[in-house]
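Below you'll find the structure, written out as structure tokens, and then a few comments.
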Amino acid sequence: MTTTAGAKITVDPDPGYKWVGTRPVRHDGLDKVTGRARFGADLSLPGMLIGAVLRSPHAHARIRSIDTSAAEAMEEVKAVVTGADFPMLESEEGAGGEEAVDFRDLCRNVMARDKVLYEGHALAAVAAVTRRAALAALEAIEVDYEVLPHVVDVEEAMAPDAPVLHEDMFTAGVDPAPEAPSNIASRCVYERGDVEKGFAEADVVVEREFTTRPVHQGYIEPHAVVADTGEDGRSVIWCSSQGHFMVRTFTAKLLGWSPSQIKVIPAEIGGGFGGKTTVYVEPVAALLSRKAGRPVKIVMTRGEVFKGTGPTSGSKMRVKLGARRDGKLVAAEAWLAYQAGAFKGSPVQMGVMCMFAPYDIPNFFLEGFDVVNNMPKTAAYRAPGAPIGAFASETVLDEIAEELGIDPLEIRLINAVEEGMTAVYGPRYRRIGFRETVEALQGTPHYSAPLGSNQGRGVASGFWFNFGSNSSATVHINEDGGASVMTGSPDIGGSRASMALMAAEELGIDVYRITPIVADTESVGFTDMTGGSRVTHATGMAVIEACRKVVADLRARAAMMWDVDLDQVEWVDGRAQHVDGDRAPLTTEELSSASAKTGGPITASASLNARGAGAAFSTQMCDVEVDPQTGAVTILRYTTAQDAGRAIHPSYVEGQMQGGVVQGIGWGLNEEYIFDPDGVMENPGFLDYRMPVASDLPMIDTVIVEVPNPGHPYGVRGVGEVGIVPPMAAIANAVYDATGCRLGELPMSPPKVLAAIEANGD
Amino acid sequence: MARVFFGSALRRVTGGVEEVEVEAATVRSLIAEMDRRFPGLGERLASGGVAVAIDGEIMTDALYEPVPADAEVHFLPAMGGG
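These protein sequences, in sequence, are chains A and B.
Count along the first sequence starting at 1, add 1222, and that's the number in the working numbering.
Count along the second sequence starting at 1, add 13, and that's the number in the working numbering.
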């Protein structure tokens, strides 16, 4: 089979959809390209104050005292808050973007109490009439710190003599329970079979160590909020986030308020990638506003984003893999330690669960450690934890393939999981399309294209669970027969377009007659965050269900107007049709215009906790050229194949696939948090924290594979995350192919690559 | 009878038992039965930090989900994405 780039491979027969699978211009496109879209920082209100946050200059210090009296005495300063203004919360877990959120930890991350745990940790905030006055007020706040020893490196943080961040944290998941506190929050293990016996059966065994650095999600829009808390205690919050209901819940928890006191209005979002699945400045602005009695706006600087918001973990990993001569994997062993930042909750468990998920391995022992350290608390980042583990596992698998003389795609097919097989993390797979992604790459011209000198090719695969969860939608039929579709899911990847397409398919009307709206917390039912690749699946199901209710109502109205039984009316191409065909069909416009006489406006809502999310797989191929003089790696060509289940809007599926790859390229080649000996971040800006831009990259070619998910009416699988899982390993394997050097450390920046080349030549 | 599998973390509560068979109409009654057999396990399984997979489908807040007679049931950590 030959597969061209930009192709779509559909496994099942064409279902014959009219709208699903087409590529209309996105409904929010014009606003975004003309600057009319309103982002978090765009709002201004009469009497609005400007908020600013005082952040710790130390990586670890006890706060002996904070004296805010001088700041409070300044005429232009209207409010000051510190940790003492927040309620003292008990440890309580709630649903979060990555793992369960402990609200006590979240509160202390938003505003430090007793200790600061990283450079950039917020410990006071002010609201003043101008930004200049707010910054002057920050300078007037006197903090007496007792500087403490700090630790950033994950292995150093695990050492028995490491400075301990939390005296009340004892490692969970070990027997016997430890008697002394440590920085190891928890240990997790996934195991099957007899690992020792498995390795004994192996003809080839490869064991390697890997190191990765913390990297930031790098969204272009800094966190921004305007909060207006009235005398009645009701607060309205405008902000950019991946979940305005999450902002409401978390803000209420952290301030001890009722969620009903708070209305959150979603602004457009300039990128999130997981990083906006929690709160930072939103509760602070709400509290400052309550104190000042005026609206308060806080917009982070880029430096604050780097130093005060979550990157994802850096890690240390050891992976051992064994295979028989025929390429069958027989045993795997892994040890993973992830940095969590200042509070527990790294994504190590998901890294462990995902790293060998594409493969059927009879014997394994996989162990993960969640380790706190003196850097910002990590936040979710696209397929949290999975890319880190896959960098290690997919690199070792490549080495196994080379040792055995087996093609790297072929070894993936030999070991590929399929429907009914048991996943590394326990359950059996339902219908999946991993094998199809590998075969899709085998069919591309890229696979057999010749390479030049200093050039190499690498492949890698990846897995991500995808999720469902709670979503709501409301559909109104307008007077002109068009429809408004309201959901509670912030649109970070083109979801307005996919909601409109599914509504158009269900209602049978033109997609441009659908107006998709992201509604505030008081205008639509509760909806979980936009994350976990869940929106097109879960919110899409809510839209479909609401549309089906509307269609049922439209049929009932037509039956009433025709004075026939309901079963005499069918819905075809957006019109009510009598089964005998002896009456002129009624359009949505005609039915809507008559609605006052048939029972009132036509509208329906649906809320659900979506089940049936389908797992996602991606396989990718990368060509690089390595400059032997400088060690610089240039990406020459890149093809990514991903199982989308059913691509509702193929352009935005391709965009998600390409976006994941590009972020993975940055993670692989250049991006890293660099700390000085005092634990201070040295590169908190885009000049020194080097993310790839379009001119650094070739076209990222895509192949959409469609193995429909039986858990969704159209077969949708989430597509937003798995694309970032394979790139680092694919690049590392390509660099090896070009240079003969196996790099086990990210980023593969020029100095490291050059050092490896020179060491290899010695 | 549904088959319930325990991962490494839960085996610390079950005394090393990896798999049991149980007849339960819903996840809630399954958890109650698990707690009867392994005291303390119920609290772990019913916490917000645990998801359940029934025949491969991972679900959160699944207390009232039906459990088919021959289902395979796994308990996993509650997870989220980015």
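Every residue gets a Cβ at the ideal spot worked out from N, C-alpha and C, and that includes glycine.
Contact set between Phe18/B and chain A, taken where Cβ atoms lie within less than 8 Å: Gly1648
Using beta carbons (cut-off 8 Å, strictly below), is Asp48/B in contact with chain A? no
Note down, in chain order, every chain B residue with its Cβ under 8 Å from the Cβ of Pro1606/A. Gly93, Gly94, Gly95
Listing by chain order, which chain A residues have their CB less than 9 Å from the CB of Arg57/B? Under the 9 Å cutoff, chain A gives no residues; its nearest Cβ is about 12 Å from Arg57/B.
Burial state of Gly1262/A, where buried means 16 or more other Cβ atoms lie within 10 Å: buried
Neighbourhood of Thr1802/A by C-beta, 8 Å cutoff - its chain only, sequence neighbours within 5 removed: Correcting the residue identity first, residue 1802/A is Asp in this sequence and not Thr. So the qualifying residues of the chain are Gln1790.
With 8 Å as the threshold, decide whether the Cβ of Ala1866/A is near any Cβ in chain B. no
Assess, as a yes-or-no matter, whether the segment 1690-1709 of chain A is touched by the segment 1813-1827 of chain A under the definition of 3 or more beta carbon pairs within less than 8 Å. yes
Cutoff 8 Å: Val1411/A Cβ touching any chain B Cβ: yes
Quick check on the burial criterion: 16 or more other C-beta atoms within 10 angstroms. Buried or exposed for Met1970/A? buried
Nearest neighbour of Ala1579/A, chosen from Val1521/A, Ala1559/A, Thr1600/A, Ala1608/A [CA to CA]: Ala1608/A
With a threshold of 16 other CB atoms inside 10 Å of the CB of Tyr1647/A, please say whether the residue is buried or exposed. buried
For Phe1689/A and chain B, any beta-carbon pair shorter than 8 Å? yes
Cys1963/A - containing alpha helix (DSSP H), residue span: Note, Cys1963/A: premise wrong, no alpha helix (DSSP H); not H, not E.
Does Gly1753/A come within less than 8 Å of chain B when only Cβ atoms are used? yes
If you draw a straight line from the alpha carbon of Gly1962/A to that of Ala1835/A, how long is it in whole angstroms? 41 Å
Considering just the uninterrupted stretch of the beta strand (DSSP E) at Ser1511/A, what are its terminal residues? Ser1511/A -> not in any beta strand (DSSP E); alpha helix (DSSP H) instead, spanning 1504-1514.
What does the alpha-carbon distance come out to for the pair Asp1775/A and Lys1819/A? 14 Å
Under 7 Å from the C-beta of Met1572/A: neighbouring residues of chain B: Met92
Under 8 Å between C-beta atoms of Ile1491/A and Pro1738/A: no
Residues in its own chain within less than 7 Å of Ser1745/A by CB, not counting five upstream and five downstream? Met1708
If you follow the alpha helix (DSSP H) that His1466/A is part of, which residue opens it and which one closes it? 1466-1477
If we cut at 8 Å on Cβ distances, does Tyr77/B have a partner in chain A? no
Of all Cβ atoms in chain A, is any one closer than 8 Å to the Cβ of Met14/B? no
Asp1397/A versus chain B: which residues are under 9 Å apart at the beta carbon? Arg25
With distance defined between alpha-carbon atoms, name the residue in Asn1905/A, Gln1842/A, His1871/A, Glu1658/A nearest to Thr1924/A. Gln1842/A
Starting from Asp83/B, find everything on chain C with Cβ-Cβ shorter than 7 Å and list it in chain order. Here the protein chains are A and B, and chain C is not one of them.
Any idea if Pro1598/A is buried or exposed, counting beta-carbon neighbours within 10 angstroms, 16 or more meaning buried? buried
Answer with yes or no whether the minimum CB distance from Glu1943/A to chain B is below 8 Å. yes
Taking Cβ-Cβ distances shorter than 8 Å, what residues in chain B pair up with Gly1834/A? Glu70
Can you list the residues of chain B that Thr1499/A reaches, using a CB-CB cut of under 8 Å? Gly93, Gly95
For the segment 1587-1606 of chain A, list every residue whose C-beta sits within 7 Å of some C-beta in chain B, in sequence order. Ala1602, Tyr1603, Arg1604, Ala1605, Pro1606
Does the beta-carbon distance from Gly1901/A to Ala1281/A come in below 8 Å? yes
Taking 8 Å as the CB-CB cut-off, is Arg1770/A touching chain B? no
Just the Cα atoms here: how many angstroms apart are Tyr1958/A and Glu1431/A? 16 Å
Could you say which of Pro1872/A, Lys1475/A, Ser1829/A lies nearest to Arg1326/A if we only look at CA atoms? Lys1475/A
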